[in-house]
Amino acid sequence: MEYLKNIQNTLNDMNINYKVNLSENSFTLDNGTYIICKGLHSQTKREKLKAFADLNNYEFAIEWREEADQLTKDDMSELKYAIRGAKRKFIINSSNPESLHRYIIKLL
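Heads up: the sequence shown begins at 21 in the working numbering, then just goes up one per residue.
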């Protein structure tokens, strides 16, 4: 999983101490920051993203939607349901849409 290696390289370059849990695709920084990397669907797309049960314990959550132009409105609803409960949430939509007329442009 290249994205995990990219995160590790960035943390190393910034001299940030962390522990990685590869089975959960997560990082825990010394200051208590917790980074979780998950996909919307499993590889077989049979199992939906499960809600994060403990987000209400966090002051702040960042939801980064990579390739957001590939998500449907149902996908967006599923993400909204799964990532709820944090006191504050920041959403990042990143994409390379082939057209400025795609619905996602209105959401950005």
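Note that the Cβ used here is the ideal one computed from N, Cα and C, for glycine as well.
Shown here, A71 sits in coil according to DSSP, grouped into three states, outside any helix or strand. Fewer than three beta-carbon pairs drawn from the region 70-83 and the region 30-50 are found closer than 8 angstroms, and the two stretches are therefore not classed as touching. Going by C-alpha positions, I55 is about 10 angstroms away from Y38. In this structure L49 does not touch D95 by the C-beta definition: roughly 29 angstroms separates them, more than the 8 angstroms allowed. CA-CA distance, T30 to F110, rounds to 21 angstroms. Within the same chain, E87, A88, D89, I124 come within 7 angstroms of S115 by CB-CB distance, once the 5 residues on both sides are set aside. Annotated three-state conformation of N113 is strand, per DSSP. Pairing M34 with Y78, the inter-Cα distance amounts to about 24 angstroms.
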